[in-house]
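Undergrad: Take a look at the following structure, please.
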């Protein structure tokens, strides 16, 4: 279904130089990262197949929608090809309160710029995180196979990133023993719009619609393929899957964008839901959704889901 989609999952271990607590570290990281990434790239430009050039910062943060695009022609930019989150979504995933492990998912064509991602994280540690500019040190970076890529300010492996692709997702899907129901946890605020409004409950067909939109867009703009998907059929099948139990609550939060000079609302639903019906056609979507999240604000770590 998503044969061209490919990602690299980076795990960055950082150590704060003082005790700290962030209510939701993804938004704080993403805000500071964007500012530092622009400085790190410093106008670096790359040539495109059509003969045009784009600077690296714009390719990552303002990926343009081509005039001849088959999708999203009404939008100026395509989805960001990266996701930030705190590993395991808790604050004790390392041995003490000073250490955190940050997960960065890098998608498709952006994989070639991973050294810039890592260097930007290092520089962000020097500048400090959050409004109090709390400094941290980047200790190490590993990939999904736990291969050590970077440690003590040195690159140990620049070319051997472990790629997660559709073959790996298919292999994982084949190991799952699913019957006719599945439970999902919504770990970080999930901002999903349905019929023009943000919803405070997530029916299965609404989740599938948003996963199809997000994953197909990432595949098209960042992996070079328009997926061959029967959207109408999948949505019809998803509409037959019922919510048998749910426990959702809305969390309000916001952040101030220094680039846009305005406050941004990042509220969404967290909780859990159990769905019943023919789940099998959607396992691939759900497994990709675990990695790439769903809804709006995914680059900030929002919309993180987990199969249970």
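Residue numbers (my numbering): 1 to 308. In this text, a Cβ means the ideal position worked out from N, Cα and C, and glycines have one as well.
I want to know whether the stretch 100-114 touches the stretch 208-227 - three or more CB-CB distances under 8 Å.
TA: As far as the Cβ criterion goes, the stretch 100-114 touches the stretch 208-227, which means the pair count is three or higher.
Undergrad: Going by DSSP, what residues sit across from residue 150 in a beta bridge?
TA: What you label residue 150 is simply residue 150 of the chain shown in a count that begins at 1. Paired residues: 141, 155.
Undergrad: Please list, in chain order, all residues of the same chain as residue 224 whose beta carbon is under 7 Å from its beta carbon, the five residues on each side excluded.
TA: Here residue 224 is taken as the residue at index 224 of the chain shown, counted from 1. Correct list, in chain order: 4.
Undergrad: With 16 as the cutoff for other CB atoms within 10 Å, does residue 77 come out buried or exposed?
TA: To locate residue 77, count along the chain shown from 1; it is residue 77. Label assigned to residue 77: exposed.
Undergrad: Using alpha carbons as the reference points, say which of 184, 132, 227, 234 lies closest to residue 6.
TA: Here residue 6 is taken as the residue at index 6 of the chain shown, counted from 1. Residue 227 is the option with its Cα nearest to residue 6.
Undergrad: When you compare only the Cα positions, how much space is there between residue 304 and residue 43?
TA: Translated into positions along the chain shown, residue 304 becomes position 304. Translated into positions along the chain shown, residue 43 becomes position 43. About 32 Å.
Undergrad: Rounded to whole angstroms, what's the CA-CA distance from residue 57 to residue 41? Just pull it up for me.
TA: Within the chain shown, the letter at position 57 stands for residue 57. Within the chain shown, the letter at position 41 stands for residue 41. Residue 57 and residue 41: Cα-Cα distance of roughly 6 Å.
Undergrad: Keeping to the same chain, check which residues put their C-beta closer than 7 Å to that of residue 231; ignore five residues upstream and five downstream.
TA: Position 231 of the chain shown, counted from the first residue, corresponds to residue 231. Cβ within range, chain order: 212.
Undergrad: Have a look at residue 10 and residue 180 and give me their C-alpha separation to the nearest angstrom.
TA: Here residue 10 corresponds to residue number 10 of the chain shown, with the count starting at 1. Here residue 180 corresponds to residue number 180 of the chain shown, with the count starting at 1. Rounded to the nearest angstrom, the two C-alpha atoms are 33 Å apart.
Undergrad: By how many angstroms is the C-alpha of residue 277 removed from the C-alpha of residue 14?
TA: The residue labelled residue 14 in the question sits at position 14 within the chain shown. The residue labelled residue 277 in the question sits at position 277 within the chain shown. Those two C-alpha atoms are separated by around 42 Å.
Undergrad: So the beta strand (DSSP E) residue 189 belongs to, where does it begin and stop?
TA: On the chain shown, residue 189 is found 189 positions in, with the first residue counted as 1. Unbroken beta strand (DSSP E) run through residue 189: 181-190.
Undergrad: For residue 90 and residue 203, what's the separation of their Cα atoms in angstroms?
TA: The sequence position of residue 90 within the chain shown is 90, counting from 1. The sequence position of residue 203 within the chain shown is 203, counting from 1. Reliability fails at residue 90, whose pLDDT of 46 lies under 50, so the model's placement of it is uncertain and no value is given.
Undergrad: So, using beta-carbon positions, are residue 279 and residue 178 closer together than 8 Å?
TA: Indexing the chain shown from 1 puts residue 279 at position 279. Indexing the chain shown from 1 puts residue 178 at position 178. A contact, by the Cβ cut-off of 8 Å.
Undergrad: By DSSP's criteria, residue 85 is part of a beta bridge. Which residues make up the other side?
TA: Within the chain shown, numbered from 1, the residue matching residue 85 stands at position 85. Its beta-bridge partners are 103.
Undergrad: Look at the alpha carbon of residue 121 and the alpha carbon of residue 33, and state the distance between them as a whole number of angstroms.
TA: Within the chain shown, numbered from 1, the residue matching residue 121 stands at position 121. Within the chain shown, numbered from 1, the residue matching residue 33 stands at position 33. The straight-line gap from Cα to Cα measures roughly 7 Å.
Undergrad: Evaluate residue 241 with the Cβ neighbour count: other Cβ atoms within 10 Å of its Cβ, from every protein chain shown; 16 or more gives buried, anything less gives exposed.
TA: Position 241 of the chain shown, counted from the first residue, corresponds to residue 241. By the 10 Å Cβ count, residue 241 comes out buried.
Undergrad: Could you tell me the distance, in whole angstroms, from the CA atom of residue 306 to the CA atom of residue 290?
TA: On the chain shown, residue 306 is found 306 positions in, with the first residue counted as 1. On the chain shown, residue 290 is found 290 positions in, with the first residue counted as 1. Distance between the alpha carbons of residue 306 and residue 290 is about 6 Å.
Undergrad: Compute the Euclidean distance between the alpha carbons of residue 288 and residue 249, then round it to the nearest angstrom.
TA: Here residue 288 corresponds to residue number 288 of the chain shown, with the count starting at 1. Here residue 249 corresponds to residue number 249 of the chain shown, with the count starting at 1. Answer to the nearest angstrom: the Cα atoms are 24 Å apart.
Undergrad: Give the secondary structure of residue 54 by DSSP, where H, G and I count as helix, E and B as strand, and everything else as coil.
TA: Indexing the chain shown from 1 puts residue 54 at position 54. Three-state result, residue 54: strand.
Undergrad: Report all residues from its chain with a CB closer than 8 Å to the CB of residue 70; omit the five preceding and five following residues, and keep chain order.
TA: As a first step, residue 70 is located in the chain shown; it is residue number 70 there, counting from the start. So the list reads 220, 226, once near-sequence residues are dropped.
Undergrad: Can you tell me which of the three DSSP states residue 242 falls into?
TA: One-based indexing of the chain shown puts residue 242 at position 242. Note: residue 242 maps to strand in three-state DSSP.
Undergrad: Straight-line CA distance for residue 155 to residue 149?
TA: Here residue 155 corresponds to residue number 155 of the chain shown, with the count starting at 1. Here residue 149 corresponds to residue number 149 of the chain shown, with the count starting at 1. So the alpha carbons of these two residues sit roughly 6 Å apart.
Undergrad: Under 8 Å between the Cβ atoms of residue 183 and residue 243?
TA: To locate residue 183, count along the chain shown from 1; it is residue 183. To locate residue 243, count along the chain shown from 1; it is residue 243. In this structure, residue 243 does not lie closer than 8 Å to residue 183 by Cβ.
Undergrad: Is it buried or exposed, residue 146, if we count other Cβ atoms within 10 angstroms and call 16 or more buried?
TA: Translated into the one-based positions of the chain shown, residue 146 becomes position 146. It counts as exposed.
Undergrad: Determine the direct distance from the alpha carbon of residue 200 to that of residue 113, and round the result to whole angstroms.
TA: Within the chain shown, the letter at position 113 stands for residue 113. Within the chain shown, the letter at position 200 stands for residue 200. So the two alpha carbons sit approximately 37 Å from each other.
Undergrad: Within 10 Å of its beta-carbon, does residue 252 have 16 or more other beta-carbons around it, so buried, or fewer, so exposed?
TA: For the purposes of this step, residue 252 is taken as the residue at position 252 of the chain shown. That one is exposed.
Undergrad: Kindly indicate which three-state DSSP category residue 62 falls into: helix, strand or coil?
TA: Along the chain shown, read from residue 1 onward, the residue named residue 62 stands at position 62. If DSSP states are grouped into helix, strand and coil, residue 62 belongs with coil.
Undergrad: If I'm right that residue 294 touches residue 207 with Cβ under 8 Å, what's the distance once you round it to whole angstroms?
TA: The sequence position of residue 294 within the chain shown is 294, counting from 1. The sequence position of residue 207 within the chain shown is 207, counting from 1. That pair is a contact at about 7 Å.
Undergrad: Can you tell me whether residue 170 is helix, strand or coil according to DSSP?
TA: Here residue 170 refers to the residue found at position 170 of the chain shown. Here residue 170 sits in helix by DSSP.
Undergrad: Using DSSP with H/G/I as helix, E/B as strand and the rest coil, what is residue 34?
TA: By 1-based counting over the chain shown, the position of residue 34 is 34. DSSP places residue 34 in helix when its eight states are reduced to three.
Undergrad: Just reading off the beta strand (DSSP E) that residue 294 is part of, what are its end residues?
TA: Taking the chain shown and counting its residues from 1, the one referred to as residue 294 is at position 294. Premise fails: residue 294 is in no beta strand (DSSP E) and is neither H nor E.
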